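Below is one structure, written out as structure tokens; the observations come after it.
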Amino acid sequence: MEFNATFIVSMISFLLFVFVMNKIFYAPITKIVNEREEKLKNNYDDAQWFNQAAKGILRVRDEKLAKTEAQSRHIIADKIETYNNRSKRATTEAAQKSAEEIKTRKNALHIEKQQAELELKAKTKEFAELISSKVMGLDVSQKSGNKDGAV
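Quick note on numbering: our numbering labels position 16 of the sequence shown as 16, and the sequence is numbered without any gaps.
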């Protein structure tokens, strides 16, 4: 291989070409590529941060939902218990009222029965005296009245 002036001029031209291309073409492209990589890295970091924040928000939401659900179940259970107690109390009161009403009506019926029996005894006595007087042709009530007065 020979080293002559053409070779040196070619080498200088090549180095000048590389230097000019580096300043005009490669440096801006490298800068754009680096900026893009930085932007992508920042976007990825932001996406990771937002993802973590979203997971945190979802966790807080789930905790609040669970707490609210537990409170709702507790409130519903309390309301059911309250209404069951009211229902039991109303049923008990109705049963007591019914028992009292039945007792009152039984007493009234017993009194009516006793009055009816007394009236029946009186009517039976009257009918017996009437039948006796018809059969015997006498007034039995007068005879019994005389006997009572004589004794």
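Glycine included, every Cβ here is placed at the ideal spot set by N, Cα and C.
Since this is a predicted model, take the numbers as computed values, not measurements.
| Asked | Found |
| --- | --- |
| Range covered by the alpha helix (DSSP H) that runs through Phe-25 | From DSSP, Phe-25 is part of no alpha helix (DSSP H); its letter is neither H nor E. |
| Sequence ranges, beta strand (DSSP E) only - wholly within the segment 32-93, length at least 3 | none |
| DSSP state of Asn-107 mapped onto helix, strand, coil | helix |
| Rounded C-alpha distance that separates Asn-84 from Thr-92 | 12 Å |
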